[in-house]
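Here our numbering is used: position 622 in the sequence shown is 630, and no number is missing along the way. Below is one structure, written out as structure tokens; comments come after it.
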Amino acid sequence: MPPTSDRSAPSDHATLRVTGMHCATCVAGVERALRRTPGVRAASVNLAAASAAVETDPGIDTETLAEAIRKAGYDAETVDLNATTDDHTPDPEHARLRRNLTLAAVCTAPLVVIEMGGHLVPAFHHAIMGAMGERPLRFVLLTLAAIVQFGSGRRFYTTGLASFRRLAPDMNALVMLGTSAAFAYSALVTIAPALLPEGSRHVYFEASAVIITLVLLGRHLEASARGRTSGAIRALLKLRPATARVRRDGRETDLPAEQLRVGDEIVVRPGERIAADAEVIEGEAFVDESMLTGEPEPQRRTPGDRVVGGTVAQSGSLIIRATGVGRDTVLSQVVRTVREAQAAKLPIQTLVDRVTSVFVPVVIVIAAITFIVWQLLGPEPAFAMAVSNAVAVLIIACPCAMGLATPTSIMVATGRGATLGVLFRRGDALQRIASVQGVLLDKTGTLTAGAPSLTDVVLRAQSPHERTTEHQALRLAASVETRSEHPLARAVVAEAESRGLALSTITAFESRPARGVRARVEGAHVSVGSAAWLRELGIDPDPLEPDADRFAAAGKTPVFVAIGANAVACFAISDPLKPDAEESVRTLHAMRLTTELVTGDRERTARAIAGRVGISRVRSEVLPEQKAEAVRDAQRELGPVAFVGDGINDAPALATADVGIAIAAGTDVAIESADVVLIAPGVMGVPRAIRIGRATMRNIRQNLFWAFAYNAALIPVAAGVLYPLTGWLLNPMLAAGAMSLSSVSVVANALRLRRVRI
Ligand code: ADP
Ligand code: MG
């Protein structure tokens, strides 16, 4: 999600791909460089996505931003979030990394063989010595180590030095300092041994070379694994078929999918993937939508139904008319949303960033102290051991795993969510949703299918000469309701249509959310809505109240119709529960969450529906603003809460709740106000979304533990604190191996989220 500051002023958003970042301090460095650039209002950098989301004043060139990042020692290029092709073009940074690693490995191998081999097999040592002599051999070692140090390891100098210049040393600085110390010392022994006391004339070329090789290896593994964290997006992009069979001017031709236009008629044969969002105009098929909604059952689609691009017509063939192509498809929207959410920062990340920004300077100080203490108090060769231990401290403390801990988990989790039909519009909702204590649910369209049908009509007993007929009441009410987007309105209109009633034109249409509608039809004011709506208009609904109560007790919604100042009819509208509504509520309860039904419908209806799904807390007859009030009350009582809704009337509550969850089939207003959108049919997505959040936070905490506890715990060992007691020291090469392993294990742990049971 692009960061926002001043919402009122117009602004531009840019996304850049940033390469060369490896830890939280790098992230902070890039962010600082961006924020200092004139015209930048906010910047948020994501390590795992290797991206920066920047909000700027209008008209700021993205190249200026890229330049600022380059000056800070990283590489940057602009990217298009809308890009609809496979975005994982081979990363040039990854390719460079692989080349550097290969060179480092080739040069390091002989170093290790000669040094270690010499230690382990004295005969081997003597053979080499005999063949070359001590000094020439050391010059060969020096050459190999120099290639690794300044060839493969050049990146540590460029980025490490840049970080020093910013006065915010990062992990590249630690690697640079550590390996330079080992290398410089050994080079000194080789070139000018006389400068050092006899006992200290050891060389450690293999140490600096092995450290660099291992750090590069760790990054290579990490980059490969990071590539997999965006696997979900790539999988979604692959759903798009390359061609579609289009019928234009009576002829069928295979067209590349990019050339499709809205209105095109597309022929979909059995087993084919649907190329665009469309409406079915002919045929019948079972469509597998599981890749987008997680719903395993294929759905039957007949003329008039909508189908979504990327889904598969399993059996049967269809002729469809495209309603959305290219970027304007549900699939593109999902990809765009997931990409934005993946760049988000969780609140917990701020803490991590603060810790790491002090961590590196502290480590440098500890390394300096280690060096001094060993030099002053350590056993001979004091200088050599002082260097080795200070190097071990610098290397083991690299906080790269910490920088990866949260972003990798977010990437995997949002991608996993998308494939389960749970779309996180905002990545930070992952953290908030994990801590919700209560879930408030709207009724119509959320717990119920939102496909209501009119079941009964009662007319008010009137004097015979002014009696309104059932048809008349329905015809007038339906005329008004044609203009309403409310599910109840659709039921009234559908019933009138099925009875073949001719609707009249209306004027002066008025709509009051959560109350009803009103317009002038055939010279009279016709009002349709709740009893409260009639009362608000000064019309007495009481003569029809007994019937309304009877309908409500059966879980149906009574809808009153008034002509002029008289209530003339009451319709019963029944909206079946979603098949999984009860299961969903039961699951929420099993997760120790409190549930509450919040609806604009009347008390009796609300209680009847709540009773069927097992919700005991009910708030009824609420206006949109009061839904938000219900959220605030629940927050005071329970703590963080989520609100689930679909309508315009739910928007304030969705925005007020700690997490707003919208039903994708609902109104755009609701979706825009929500943090999470459920694409899957049904409401099981609610407990699923919460489970994803909980699993993600658990995963992040594990990551932070492994990354941090481990760094911190081994620092004293590396410094040699245990040496006087046990004789333990941490070989700098082991430190490098351990450090790389910690990054890899963090990423591997995050990847587990792909398989965790939700
Ligand atoms: P919910 O909170 O369950 O989604 P709403 O707040 O949208 O329900 O609506 C509350 C009540 O307002 C409905 O039960 C109905 O009585 C009345 N109402 C709202 N809009 C209309 C409409 N277009 N036609 C008839 N009744 C309506
Ligand atoms: Mg609703």
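Glycine is no exception: its CB is placed at the ideal position from the N, C-alpha and C atoms. All values reported here derive from a predicted model rather than from experimental measurement.
(request) Could you spell out where the alpha helix (DSSP H) holding His-127 opens and where it closes? (result) Within the sequence shown, the letter at position 119 stands for residue 127. Where His-127 is concerned, the enclosing alpha helix (DSSP H) stretches over 100-128.
(message) Please tell me whether Ser-188 and Asn-180 are closer than 8 angstroms, where the distance is taken between their beta carbons.
(response) Here residue 188 is taken as the residue at index 180 of the sequence shown, counted from 1. Here residue 180 is taken as the residue at index 172 of the sequence shown, counted from 1. Taking 8 angstroms as the Cβ cut-off, Ser-188 and Asn-180 do not qualify as a contacting pair.
(request) Note down, in chain order, each residue of its chain lying with its Cβ closer than 8 angstroms to the Cβ of Ala-756, except the 5 sequence neighbours on either side. (result) Here the question's residue 756 lines up with position 748 in the sequence shown. Cβ neighbours of Ala-756 beyond the five flanking positions: Ala-233.
(request) Apply the 10 Å Cβ neighbour rule to Lys-635 and answer buried if 16 or more other Cβ atoms are within range, or exposed otherwise. (result) The residue given as residue 635 occupies position 627 in the sequence shown. Its Cβ being crowded by 16 or more others within 10 Å, Lys-635 is buried.
(request) Provide the residue span of the beta strand (DSSP E) that contains Glu-260, from first to last. (result) The sequence position of residue 260 within the sequence shown is 252, counting from 1. 259-264 is the span of the beta strand (DSSP E), which, as asked, contains Glu-260.
(message) Using a Cβ-Cβ cutoff of less than 6 angstroms, which residues in the same chain neighbour Arg-143 once the five nearest sequence positions on both sides are dropped?
(response) If you number the sequence shown from 1, residue 143 lands on position 135. Excluding sequence neighbours, Arg-143 sits near nothing in its chain.
(request) Please say whether Ala-252 and Leu-1 have beta carbons closer to each other than 8 angstroms? (result) Because the chain spans 9 through 766 in this model, residue 1 falls outside it and cannot be assessed.
(request) Could you please give me the residues that DSSP links to Pro-566 through a beta bridge? (result) In the sequence shown, the residue the question calls residue 566 occupies position 558. In DSSP, Pro-566 forms a bridge with Ala-580.
(message) So for Gly-458, helix, strand or coil by DSSP?
(response) Working through the sequence shown from its first residue, we reach residue 458 at position 450. Reduced to three states, the DSSP call for Gly-458 is coil.
(message) Just to confirm the assignment, what range does the alpha helix (DSSP H) spanning Gly-619 have?
(response) Locating residue 619 in the sequence shown gives position 611, counting from the first residue. First-last of the alpha helix (DSSP H) with Gly-619: 611-621.
(request) Take Arg-627 as the anchor and find which of Gly-608, Glu-633, Val-621 and Ala-616 has the nearest alpha-carbon. (result) For the purposes of this step, residue 627 is identified with residue 619 of the sequence shown, where counting begins at 1. Among Gly-608, Glu-633, Val-621 and Ala-616, the Cα nearest to that of Arg-627 is on Gly-608.
(request) Flag this pair as yes or no: are the beta carbons of Pro-278 and Ala-250 separated by less than 8 angstroms? (result) Working through the sequence shown from its first residue, we reach residue 278 at position 270. Working through the sequence shown from its first residue, we reach residue 250 at position 242. Contact: no.
(request) Quick one: using the 10 Å Cβ neighbour count with 16 as the cut-off for buried, is Pro-566 buried or exposed? (result) Here residue 566 refers to the residue found at position 558 when the sequence shown is read from its first residue. The residue is buried, with at least 16 neighbouring Cβ atoms inside 10 Å.
(request) Just the C-alpha distance for Asp-95 and Gly-239, rounded to the nearest angstrom, thanks. (result) Your numbering for residue 95 matches position 87 in the sequence shown. Your numbering for residue 239 matches position 231 in the sequence shown. Interpretation of Asp-95 is limited by its pLDDT of 46, a score under 50 that renders its predicted location unreliable; the figure taken from the coordinates is listed afterwards. Those two C-alpha atoms are separated by around 10 angstroms.
(request) Give the range of the alpha helix (DSSP H) segment to which Arg-558 is assigned. (result) Here the question's residue 558 lines up with position 550 in the sequence shown. Per DSSP, Arg-558 belongs to the alpha helix (DSSP H) from 553-561.
(request) Report buried or exposed for Ile-581, applying the criterion of at least 16 other Cβ atoms within 10 angstroms of its Cβ. (result) By one-based count along the sequence shown, residue 581 stands at place 573. Result: buried.
(message) So, does the segment 698-715 touch the segment 451-463, judging by three or more C-beta pairs under 8 angstroms?
(response) no
(request) With a threshold of 16 other CB atoms inside 10 Å of the CB of Val-373, please say whether the residue is buried or exposed. (result) The count along the sequence shown starts at 1 and reaches residue 373 at position 365. Burial call: exposed.
(message) Alpha carbons only, please: which of Ile-656, Phe-651, Ala-678 and Ala-673 is nearest the one belonging to Val-667?
(response) Here residue 667 refers to the residue found at position 659 when the sequence shown is read from its first residue. Out of Ile-656, Phe-651, Ala-678 and Ala-673, Phe-651 has the C-alpha closest to the C-alpha of Val-667.
(request) Report yes or no: do three or more beta-carbon pairs, one from the segment 569-576 and one from the segment 532-546, lie closer than 8 angstroms? (result) yes
(message) Nearer than 7 angstroms: is that true of the beta carbon of Glu-489 relative to any heavy atom of ligand 1?
(response) As a working mapping, residue 489 is identified with position 481 in the sequence shown. Yes; taking the cut-off as 7 angstroms, the Cβ of Glu-489 has a heavy atom of ligand 1 nearer than that.
(request) Have a look at Tyr-82 and Asp-450 and give me their C-alpha separation to the nearest angstrom. (result) By 1-based counting over the sequence shown, the position of residue 82 is 74. By 1-based counting over the sequence shown, the position of residue 450 is 442. C-alpha separation (whole angstroms): 48 angstroms.
(message) If you measure between the beta carbons of Leu-150 and Met-137, is that distance less than 8 angstroms?
(response) Sequence index remark: in the sequence shown, residue 150 carries index 142 (1-based). Sequence index remark: in the sequence shown, residue 137 carries index 129 (1-based). Their beta carbons are not under 8 angstroms apart, which means Leu-150 does not touch Met-137 by this criterion.
(request) Please confirm whether Leu-182 and Val-342 have their CB atoms less than 8 angstroms apart. (result) For this step, residue 182 is matched to residue 174 along the sequence shown. For this step, residue 342 is matched to residue 334 along the sequence shown. It is not a contact, given that the beta carbons lie outside the stated cut-off.
(message) DSSP has Arg-281 in a bridge; who is on the other side?
(response) Taking the sequence shown and counting its residues from 1, one reaches residue 281 at position 273. Note: Arg-281 sits in a beta bridge opposite Val-320.
(message) I want to check one thing, is the minimum distance from the CB of Lys-451 to the heavy atoms of ligand 1 below 7 angstroms?
(response) Counted from its first residue, the sequence shown places residue 451 at position 443. It does: the Cβ of Lys-451 is within 7 angstroms (strictly closer) of some heavy atom of ligand 1.
(message) Given the structure, does Asp-753 come close to ligand 1, in the sense that its CB is under 7 angstroms from one of the ligand's heavy atoms?
(response) The residue you call residue 753 lines up with position 745 of the sequence shown. Checking the sequence, you will find Ser at residue 753 rather than Asp. Because no heavy atom of ligand 1 lies under 7 angstroms away, the Cβ of Ser-753 does not count as near it: no.
(request) Pull up the CB-CB distance for Leu-247 and Gly-318, whole angstroms please, since I reckon it's below 8 angstroms. (result) Within the sequence shown, the letter at position 239 stands for residue 247. Within the sequence shown, the letter at position 310 stands for residue 318. Contact flag correct, Cβ pair sits at about 4 angstroms.
(request) Rounded to whole angstroms, what's the CA-CA distance from Ala-758 to Ala-394? Just pull it up for me. (result) Numbered from its first residue, the sequence shown carries residue 758 at position 750. Numbered from its first residue, the sequence shown carries residue 394 at position 386. Taking the straight line joining both Cα atoms gives about 37 angstroms.
(message) Quick check: what's the CA-CA separation for Leu-431 versus Val-684?
(response) If you number the sequence shown from 1, residue 431 lands on position 423. If you number the sequence shown from 1, residue 684 lands on position 676. Computed Cα separation, rounded: 6 angstroms.
(message) Tell me the rounded alpha-carbon separation between Gly-622 and Arg-699.
(response) Taking the sequence shown and counting its residues from 1, one reaches residue 622 at position 614. Taking the sequence shown and counting its residues from 1, one reaches residue 699 at position 691. If I take the Cα positions, the gap works out to 20 angstroms.
(message) What does the Cβ neighbour count give for Asp-257, buried or exposed, with the cut at 16 atoms within 10 Å?
(response) Locating residue 257 in the sequence shown gives position 249, where the first residue counts as 1. Classification for Asp-257: exposed.
(request) Taking Leu-161 as the reference, give the member of Thr-72, Thr-45 and Arg-106 with the closest Cα. (result) Against the sequence shown, residue 161 aligns to sequence position 153. The sequence shown places Gly at residue 161, not Leu. It is Arg-106 whose Cα lies nearest to the Cα of Gly-161.
(request) Return the first residue and the last residue of the alpha helix (DSSP H) that Phe-367 is part of. (result) Position 359 of the sequence shown holds residue 367. Phe-367 -> alpha helix (DSSP H) spans 355-385.
(request) Return yes when the C-beta of Asn-657 is under 7 angstroms from any heavy atom of ligand 1, and no when it is not. (result) Against the sequence shown, residue 657 aligns to sequence position 649. Under cutoff, so the answer is yes.
(message) If I measure Cβ to Cβ from Thr-92 and keep anything under 8 angstroms in the same chain, skipping five residues before and after, which residues do I get?
(response) Taking the first residue of the sequence shown as 1, we reach residue 92 at position 84. Low per-residue confidence applies at Thr-92: pLDDT is 46, beneath 50, and the placement is therefore not dependable, though the value from the model is reported in the following sentence. Closer than 8 angstroms at Cβ, skipping near neighbours: Leu-245, Arg-248, Gly-334, Arg-335, Ser-340 and Val-343.
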